[in-house]
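There are 2 protein chains.
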Amino acid sequence: MNQLPREFFQPRSIVIAGASKKGGFGSGIPKLLKRSGYADRLYLVNPREREIEGLQVYKRITDIDAEIDLAIVVVPRDHVKGVLEDCAAKNIRAVILETAGFSETGPEGARLEREIGTLARNAGMRIIGPNCVGLINPHDRFASTEVALEEMEPGNIGVIAQSGVFGNIVADWAPSQDLNVSSLVTIGNRADVDETDMLYHFAADERTDVIVLYLEGAKDGERFRRAAREAAARKPVLVYKSGRTEAGKRAAASHTGSMTGEDGLYDGLLRQSGVIRASSFQELFDLARVFARQPLMKGSDIGVVTSSGSLGVMATDAAFQLGLHLPELSSATIDALREEAPPWMNVKNPLDLGPSHLFGAGLEAALRDPRINGVIAIPVIPYAIIDSLMKAGVAPELIFGDPEQIRKTLPDKPVVTYTVGSSSWLSLIRKMFGPHMTLVSSAETASKALWALHRYHLFRAAGE
Amino acid sequence: MNQLPREFFQPRSIVIAGASKKGGFGSGIPKLLKRSGYADRLYLVNPREREIEGLQVYKRITDIDAEIDLAIVVVPRDHVKGVLEDCAAKNIRAVILETAGFSETGPEGARLEREIGTLARNAGMRIIGPNCVGLINPHDRFASTEVALEEMEPGNIGVIAQSGVFGNIVADWAPSQDLNVSSLVTIGNRADVDETDMLYHFAADERTDVIVLYLEGAKDGERFRRAAREAAARKPVLVYKSGRTEAGKRAAASHTGSMTGEDGLYDGLLRQSGVIRASSFQELFDLARVFARQPLMKGSDIGVVTSSGSLGVMATDAAFQLGLHLPELSSATIDALREEAPPWMNVKNPLDLGPSHLFGAGLEAALRDPRINGVIAIPVIPYAIIDSLMKAGVAPELIFGDPEQIRKTLPDKPVVTYTVGSSSWLSLIRKMFGPHMTLVSSAETASKALWALHRYHLFRAAGE
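Chains F and G, in that order, give the protein sequences.
At position 251 of the first sequence the residue is numbered 251 (our numbering), and the sequence of numbers has no breaks.
Each number in our numbering comes from the position in the second sequence (counting from 1) with 1000 added on.
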């Protein structure tokens, strides 16, 4: 495999072709990069301006008297080829081409796009795009698109998205979702760099523990299959593939010019490669968060620990449909809990603890139970009750124990948390249960996450 | 049908049997009702106390020298029968029995529960419960359980839940979800009042436009089928049925003592009755919110108006799988939009407007297009861009138009909104798009909601 230049992710110097005073990408990106500390290694190009954001503006890239690592190109479509030729002349190895209007618009755009690919290969230059916003690297506070970089926590999830807007909105949404990325890359129409290159990149990237891919259609099915398998052999790879239906395919074609292919083929290809396929946007990122923090699950037997019988039934239904099992608790676990349990409590699996103040004890017992490989924790309580407890100076730990401490003592099995309530309640649960009992957004996703942790464990175990 | 006493929902006087100083239900409910303005018509019963919350405490219900509309019973299980006999002697017509420990715990509890049912029928008294928290009526600020009543907005959604905790957490969650209920009722083990009684109640209730039911298993399949059909002939009825799998059934049996039955039978029964079945908790309430505000959809042709191509493809996939169609836009619509559209824009359906500032125009054109029966609106934009616009004094309307005004002019087709972003972004969208272009939580749910609005339209049209 041909590693991507590291200049894409950690450029020491950057040129922006198409910098502008007028708003839009050409004005937003220089602002952002200046704010992020790149001012002294940022070069702006625009034939009609002399100064933007207090920086000198060059007429052409070839006028710059310094070595350039990365070019961000946002000029109008008809100027793209000339600018790329200048990039090549200047020996730039990495280009992010954001301009739209190529294969997604029809045959003429597709022809231009092919020429760009050829140009890249002839010059030994790598190009991300066109029709993308490039990448966001919160570790180094670098982004080729205007986002709230300050709010993004650097993390260990590598995200590959075909579409630019998709990348930007994930970046916006991430902080509210405890979603911490290593880098987030939008690849657009893939005149040169494609999802396969990116899979190889993240498979090798030390900062990345989980790879997430939003795909409309693979550029080259066979290369993609190989890359997916090689990447999945090293790290979990999670994919959401859209353009699943006839109408979706047509929509994808006019969006990133993708040929999306037969959905059944993708399903087989992904399964054989050890890739986990998500069934929705929310599920994709819920799974990413879980894989970023949780150990794999070594068997298919799970425990459900809940203070709501109903939500416990929902999680149980979903788990059963995925082929997970809820075994009887071991007699040691049952005896230990029965001693403390009020008479109305059924000590079984799912373990419905109601308002018993035994949530912590139940969670600990389930994690210690040798019959159980992973746990779904569903702490819910009317906020009015928690609120009046807290106002009376009683800590919520009275009811839920100290889940984070329990987790620290028993870190080897996955735990996913699901809850419902007011935003104050959600914040409290995030704090009490911590990132290592990852919060997901539905009972169904909690089960899917444990299923995926087990499936990936089997795939890895088979390969070893 | 035998209408439930209105005393359940709007009691003029209330007795709480099992009032307590010690915390728990017995202490929380008197506090709440006092705070809600019921102090002067609230009677507390506890053989071992003389005063609670500044109110006189009676030893027995029969000691009270006033007419009582409603009894809330929270005494320990072994005292329940005696207390109910006192309720009967006092001619109380409505009893909410919250105590747990009946059929959900085994044969002995089931026997007691049957006795309670018999007692109710012999006395001509109606009993909700046991193993429930009764009901919450935000219109009259009445609740038989401790919840944040002040934060709940009264609305037009009637909610029937089997489980008490479920009811409480929905009440907690509702304000953050723009979910406004007429009443929320938890029916528990159904010694007497069951889901069928409640369906008839809400079908007749003038404050209720949509009925939502969380069901583990119907008490009497044939009565339920009839009630569901009669209710659905008047108002949309949305059901989430759990205990769908073997493991889920066992869990439900130990939760509310429900026999959940064969899932396939329910599926057929609900479909034939014109009931919409939701596939998750979140979907159930997303649909409720949509039905509470949207007109029905008169055909199966929808338009997708989006500023994100990817999310547009996801919505299209989901719509197509449900049997909805995305027709070509009419030539008048296309011509009107092409005049303003930038060259990179594909004027088709889904209508991907990107960052074009044409969102409002696109939304309006889709709503006016005679080929389109309903619209999915997906406004997304990197918050950094909106933020810098707003800081520069530019209103977000520059990009999204004035959707609320457009909606007011064109109210006849349903519009559901889906977006992704930071919490500031979500608030902005809620404000800009308003409740009448209801926000739902995923692209899939947006499609499901339009599908449901169409399906229910067909059901109603067939009956007329």
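Idealized CB from N, CA, C, for every residue including glycine.
First through last residue of the alpha helix (DSSP H) which encompasses residue i
{"i": "GLN1282 (chain G)", "result": "1281-1293"}
{"i": "ASN122 (chain F)", "result": "107-123"}
{"i": "GLY1309 (chain G)", "result": "1309-1321"}
{"i": "ILE386 (chain F)", "result": "383-391"}
{"i": "PHE1400 (chain G)", "result": "1397-1400"}
Residue i: first and last residue of the uninterrupted beta strand (DSSP E) it sits in
{"i": "GLN1056 (chain G)", "result": "1055-1058"}
{"i": "ARG126 (chain F)", "result": "126-128"}
{"i": "TYR1038 (chain G)", "result": "Neither: TYR1038 (chain G) is in no beta strand (DSSP E) and is coded neither H nor E."}
{"i": "VAL1075 (chain G)", "result": "Where VAL1075 (chain G) is concerned, there is no enclosing beta strand (DSSP E), given that its DSSP letter is neither H nor E."}
{"i": "VAL1375 (chain G)", "result": "1374-1378"}
{"i": "ILE1016 (chain G)", "result": "1014-1017"}
{"i": "GLY155 (chain F)", "result": "Run containing GLY155 (chain F): none; DSSP gives neither H nor E here."}
Below-7 Å beta-carbon distance, residue i vs any chain G residue
{"i": "GLY18 (chain F)", "result": "no"}
{"i": "HIS436 (chain F)", "result": "no"}
{"i": "GLY101 (chain F)", "result": "yes"}
{"i": "SER163 (chain F)", "result": "yes"}
{"i": "SER176 (chain F)", "result": "yes"}
Residue-level contact to chain F via CB, residue i, 7 Å cutoff
{"i": "PRO1030 (chain G)", "result": "no"}
{"i": "ASN1168 (chain G)", "result": "yes"}
{"i": "GLU1007 (chain G)", "result": "no"}
{"i": "ILE1330 (chain G)", "result": "One detail in the question is off: residue 1330 (chain G) reads as Ser in this sequence, not Ile. No, no contact with chain F."}
{"i": "GLU1262 (chain G)", "result": "no"}
{"i": "TRP1344 (chain G)", "result": "yes"}
{"i": "LEU1326 (chain G)", "result": "yes"}
Backbone secondary structure at residue i - three-state DSSP
{"i": "SER1183 (chain G)", "result": "strand"}
{"i": "PHE142 (chain F)", "result": "strand"}
{"i": "GLU1051 (chain G)", "result": "strand"}
{"i": "THR1099 (chain G)", "result": "coil"}
{"i": "ASN137 (chain F)", "result": "strand"}
{"i": "LEU1004 (chain G)", "result": "coil"}
{"i": "ASP1412 (chain G)", "result": "coil"}
{"i": "VAL165 (chain F)", "result": "helix"}
{"i": "ASP86 (chain F)", "result": "helix"}
{"i": "VAL1045 (chain G)", "result": "strand"}
{"i": "VAL305 (chain F)", "result": "strand"}
{"i": "LEU358 (chain F)", "result": "coil"}
{"i": "LEU296 (chain F)", "result": "coil"}
{"i": "ARG1460 (chain G)", "result": "helix"}
{"i": "ILE1406 (chain G)", "result": "helix"}
{"i": "ILE1276 (chain G)", "result": "strand"}
{"i": "ALA1171 (chain G)", "result": "helix"}
{"i": "LEU1070 (chain G)", "result": "strand"}
Proximal chain F residues relative to residue i, where beta-carbon distance stays under 7 Å
{"i": "ALA1252 (chain G)", "result": "VAL313"}
{"i": "LEU1199 (chain G)", "result": "Simply none; closest approach about 19 Å."}
{"i": "GLY1248 (chain G)", "result": "VAL313, THR316, ASP317, PHE320"}
{"i": "GLU1216 (chain G)", "result": "VAL313"}
{"i": "ASP1078 (chain G)", "result": "Chain F residues near ASP1078 (chain G): none, gap ~10 Å exceeds 7 Å."}
8 Å Cβ cut-off: residues of chain G touching residue i
{"i": "ARG244 (chain F)", "result": "ASP1317, GLN1321"}
{"i": "ASP172 (chain F)", "result": "PRO1382, TYR1383, ALA1384, VAL1420, GLY1421, SER1422, TRP1425"}
{"i": "ALA94 (chain F)", "result": "Simply none; closest approach about 23 Å."}
{"i": "GLU146 (chain F)", "result": "PRO1382, ALA1384, ILE1385, SER1388"}
{"i": "SER307 (chain F)", "result": "VAL1165"}
Proximal residues of chain F, C-beta to C-beta of residue i below 8 Å
{"i": "LYS1348 (chain G)", "result": "SER254"}
Contact test: residue i Cβ vs the ligand MG heavy atom, cutoff 6 Å
{"i": "LEU1135 (chain G)", "result": "Questions concerning the ligand MG fall outside what the structure shown contains, since it holds no ligand whatsoever."}
9 Å Cβ cut-off: residues of chain F touching residue i
{"i": "SER1300 (chain G)", "result": "Chain F residues near SER1300 (chain G): none, gap ~12 Å exceeds 9 Å."}
{"i": "THR1105 (chain G)", "result": "PRO343, TRP344, MET345, ASN346"}
Neighbouring residues, chain G, relative to residue i (Cβ below 9 Å)
{"i": "PHE281 (chain F)", "result": "SER1310, LEU1311, MET1314, VAL1420, SER1442, ALA1443, GLU1444"}
{"i": "ASP267 (chain F)", "result": "By Cβ distance, chain G contributes nothing, its closest Cβ being about 14 Å from ASP267 (chain F), past 9 Å."}
Contact set between residue i and chain G, taken where Cβ atoms lie within less than 7 Å
{"i": "ASP40 (chain F)", "result": "The contacting residues do not exist; ASP40 (chain F) stays about 23 Å from chain G at best."}
Fully enclosed by the segment 1186-1273 of chain G, which beta strand (DSSP E) runs are 3 residues long or longer? 1210-1215, 1237-1241
Any chance you could list the alpha helix (DSSP H) runs of at least 4 consecutive residues sitting entirely within the segment 1418-1454 of chain G, in chain order? 1423-1433
Could I get the ranges of all uninterrupted beta strand (DSSP E) runs contained in the segment 327-354 of chain F, with 3 residues as the minimum, in chain order? none
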